[in-house]
Ligand SMILES: Cc1cc2nc3c(=O)[nH]c(=O)nc-3n(C[C@H](O)[C@H](O)[C@H](O)COP(=O)(O)OP(=O)(O)OC[C@H]3O[C@@H](n4cnc5c(N)ncnc54)[C@H](O)[C@@H]3O)c2cc1C
Ligand SMILES: Nc1ncnc2c1ncn2[C@@H]1O[C@H](COP(=O)(O)O)[C@@H](O)[C@H]1O
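Protein chains in written order, with the working numbering: chain A, 77 to 330; chain B, 19 to 340.
So, in structure tokens, the structure goes:
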């Protein structure tokens with residue numbers, strides 16, 4: 077079975093973000109990056125499926141040159157090869173554009189199963205996988221917490237709201253968007269890291285001017301606080317006594 | 019004449035709780051653009067439910083193959099409705115079901131979907147949506163262009179409003195569906211097991227997030243909870259790591275809680291967490307990042323290292339004899 081995993085590089089979680097001079101995206105100069113969290117779980121799921129029934133795991137990433145690091149990490153964890161669609165402005169593209177670009181490469185690979193994360197930490201649109209499924213004509217399911225691959229179909233456990241779940245079966249080839257927590261992540265070991273450097277990374281270019289029109293970001297800015305939060309200051313002991321006092325006399329919850 | 023189509027969600031003949039919020043968002047645009055608000059309700063045997071919807075008109079999209087929700091079925095049915103009626107704006111509540119099919123529906127019309135918007139306004143005749151980036155650390159203004167705009171509205175972004183008794187007219191739209199085009203075979207929804215802890219009735223909750231860094235440090239949170247006689251809750255990553263059981267997860271995929279006191283420790287305040295706890299009477303947030311979105315919902319904020327604050331706070335609570 078050929079499994080393709082779409083991974084996105086996102087700024088590390090503790091990044092200090094600032095708005096870029098043109099006001100429509102963030103300053104990327106000094107950021108460090110990591111694999112988007114649910115994508116790491118999607119990769120792990122692909123690796124476990126491959127270990128169970130054989131096949132190949134291909135990683136697909138649309139990103140600037142710096143994305144070669146997260147690609148290498150995925151190869152070190154056990155992916156067989158990668159396709160890197162290089163595009164410097166990738167992170168600020170909207171999901172409709174990203175999906176159109178990724179869909180083209182996926183069609184060329186024609187995998188049996190496509191896994192994406194359910195949502196990116198930076199853009200947060202939660203759509204790319206679902207749009208790809210429509211563009212390439214695969215059935216799909218979202219927010220997946222378990223997969224069972226059968227001979228020509230896949231049965232998945234979908235997360236619903238408020239702690240509910242549902243099983244859904246669909247024919248292969250199919251696309252699934254994976255939720256964090258579906259499995260336990262592995263770390264890359266030294267052998268994997270060494271081997272990764274010998275694996276194939278195919279560089280592909282793309283032409284964003286040929287895409288159908290997406291959404292237009294006109295301004296990015298810090299949200300202003302709506303609620304008046306009482307900030308408590310001082311050393312830890314002083315903060316603690318102020319808080320207990322306020323919870324007793326102001327909020328009356330102690 | 020053009021109109022705003024609000025795609026509503028029902029399960030087992032009941033409207034999703036988001037319905038009145040997305041209708042309120044639609045009405046705010048309706049006032050600015052002078053467009054009527056038409057609701058679409060998809061399913062089977064739902065005509066009675068349609069009468070209770072506060073919209074100028076309700077279209078019941080009915081078919082045997084729409085009895086159980088599937089992404090393929092809903093996309094095919096609503097796509098036919100949109101092609102036939104040509105709404106100018108199509109609004110959804112950003113629910114899990116919307117996540118599952120709305121991007122597909124928009125893509126079928128070769129359109130982007132503006133997802134999880136927190137507000138919408140009109141500027142020079144065009145719609146401008148606000149959405150969050152970087153898990154709420156930044157906002158973006160998104161300009162919608164073109165004839166047909168698709169957008170979903172974040173839970174809690176608009177308040178359900180009392181519109182009194184609106185007389186609404188109900189009509190039926192019957193899509194042409196073919197069983198072969200519905201590839202997903204859904205089974206009945208279920209809950210994993212009976213929950214051993216019911217956080218929804220807890221009076222005090224201390225909730226822990228990824229700021230706690232490692233499993234051993236959870237004892238700091240346990241100490242504070244025991245001093246307060248509080249239950250322990252958690253954000254998703256803590257449960258994903260297996261540090262605490264899933265049933266302690268607070269948020270859109272976990273429990274919805276409404277204690278009198280909620281202390282969020284090392285939690286950033288992503289919307290999926292906030293929807294589960296914003297009903298708490300008093301919220302305290304401890305976070306070292308002054309820009310953490312959790313401070314937006316907190317009554318009392320402590321911008322400091324939790325490893326310093328927690329022991330001091332536990333001791334102070336013990337001293338105060340609570
Ligand atoms: C469909 C969907 C459903 C989801 N459902 C849920 C859900 O039900 N519940 C849920 O919680 N999440 C849910 N999530 C995930 C959610 O989007 C966030 O990723 C998650 O809530 C983040 O958890 P966190 O705040 O603990 O971690 P992070 O976002 O990593 O935040 C950690 C915080 O700790 C602070 N910190 C770090 N060190 C310290 C220190 N020493 N002292 C003080 N502060 C410190 C940091 O400043 C940061 O703000 C869902 C996501 C999706 C897409
Ligand atoms: N630039 C990208 N390269 C590869 N995969 C991506 C990219 N952007 C988004 N994805 C995939 O689409 C998922 C959802 O992203 P989003 O729609 O932005 O929330 C991510 O979890 C990734 O799996």
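The beta-carbon is built from N, C-alpha and C at its ideal position, and this holds for glycine as well.
On a predicted model such as this, the values are computed, not experimentally measured, just so you know.
Query, Result
"Closest to residue 88 of chain B by CA distance: which of B:23, B:162 and B:29 is it?", "B:29"
"I'd like to know whether the C-beta of residue 221 of chain A is nearer than 7 Å to at least one C-beta of chain B.", "no"
"Who are the Cβ neighbours of residue 147 of chain A in its own chain at under 7 Å, not counting the five residues just before and after it?", "135, 137, 158, 160 and 277"
"So which of A:249, A:131 and A:101 has the shortest CA-CA distance to residue 297 of chain A?", "A:101"
"Would you be able to state if there are at least three C-beta pairs under 8 Å between the segment 178-188 of chain B and the segment 221-230 of chain A?", "no"
"Are the Cβ atoms of residue 330 of chain B and residue 313 of chain A separated by less than 7 Å?", "yes"
"Compare the Cα-Cα distances from residue 179 of chain A to each of A:212, A:120 and A:194 and report the closest residue.", "A:212"
"Chain B partners of residue 139 of chain A, CB-CB under 8 Å?", "By Cβ distance, chain B contributes nothing, its closest Cβ being about 17 Å from residue 139 of chain A, past 8 Å."
"For residue 113 of chain B, which residues in chain A fall below 8 Å Cβ to Cβ?", "237"
"Would you say residue 329 of chain A reaches chain B, if we count a Cβ-Cβ gap shorter than 7 Å as a contact?", "yes"
"So what does residue 303 of chain B bridge to, in DSSP terms?", "B:282 and B:319"
"Just the C-alpha distance for residue 198 of chain A and residue 157 of chain B, rounded to the nearest angstrom, thanks.", "11 Å"
"Using alpha carbons as the reference points, say which of B:275, B:36, B:20 and B:148 lies closest to residue 295 of chain A.", "B:148"
"With distance defined between alpha-carbon atoms, name the residue in A:247, A:299, A:216 and A:249 nearest to residue 234 of chain A.", "A:216"
"At a cut-off of 6 Å, is residue 270 of chain B close to ligand 2 when judged by its beta-carbon and the heavy atoms of the ligand?", "no"
"Output, in sequence order along the chain, the residues in the segment 283-298 of chain A whose CB is closer than 8 Å to any CB in chain B.", "288, 289, 290, 291, 292, 293, 294, 295, 296, 297 and 298"
"Which residues in the same chain have their Cβ closer than 6 Å to the Cβ of residue 173 of chain A, if we skip the five residues on either side of it in sequence?", "287 and 290"
"Can you give the beta carbon distance from residue 121 of chain B to residue 207 of chain A, rounded, assuming they're within the 8 Å contact cut?", "5 Å"
"Say the cut is 6 Å; is the CB of residue 82 of chain A nearer than that to a heavy atom of ligand 2?", "yes"
"For residue 134 of chain B, go through chain A and note every residue whose CB falls closer than 8 Å to its CB, in chain order.", "200, 201 and 202"
"Tell me which same chain residues have a C-beta within less than 8 Å of the C-beta of residue 317 of chain B, skipping the five on either side of it?", "300, 301 and 302"
"Which chain B residues sit within Cβ distance under 9 Å of residue 301 of chain A?", "313 and 314"
"Is there a C-beta anywhere in chain B that falls below 7 Å from the one on residue 158 of chain A?", "no"
"Below 7 Å CB to CB, which residues in the same chain sit around residue 183 of chain A once its five sequence neighbours on both sides are set aside?", "212"
"Whose Cβ in chain A lies nearer than 9 Å to the Cβ of residue 145 of chain B?", "Under the 9 Å cutoff, chain A gives no residues; its nearest Cβ is about 11 Å from residue 145 of chain B."
"Over the uninterrupted beta strand (DSSP E) stretch that includes residue 22 of chain A, give me the two end residues.", "A question about residue 22 of chain A goes unanswered here, because the residues of chain A that appear run from 77 up to 330."
"Could you check which residue in B:118, B:144, B:110 and B:94 has the C-alpha nearest to that of residue 127 of chain B?", "B:94"
"Taking the continuous beta strand (DSSP E) assigned at residue 295 of chain B, which residues delimit it?", "First-last for residue 295 of chain B: 289-295, but that is the alpha helix (DSSP H), not the beta strand (DSSP E)."
"For residue 77 of chain A, which three-state DSSP category applies?", "coil"
"In three-state DSSP terms, what is residue 128 of chain B?", "coil"
"Could you check whether the Cβ of residue 138 of chain A sits closer than 6 Å to any heavy atom belonging to ligand 2?", "yes"
"Thinking C-alpha only, which one of B:150, B:163, B:151 and B:136 is nearest residue 144 of chain B?", "B:163"
"At which residues does the beta strand (DSSP E) containing residue 267 of chain A begin and terminate?", "From DSSP, residue 267 of chain A is part of no beta strand (DSSP E) but of the alpha helix (DSSP H) over 266-272."
"Going by the C-beta, is residue 310 of chain B closer than 6 Å to any heavy atom of ligand 1?", "yes"
"For residue 141 of chain B and chain E, any beta-carbon pair shorter than 7 Å?", "In summary, chain E is missing from the structure at hand, where the protein chains are A and B."
"Nearer than 6 Å: is that true of the beta carbon of residue 255 of chain B relative to any heavy atom of ligand 1?", "yes"
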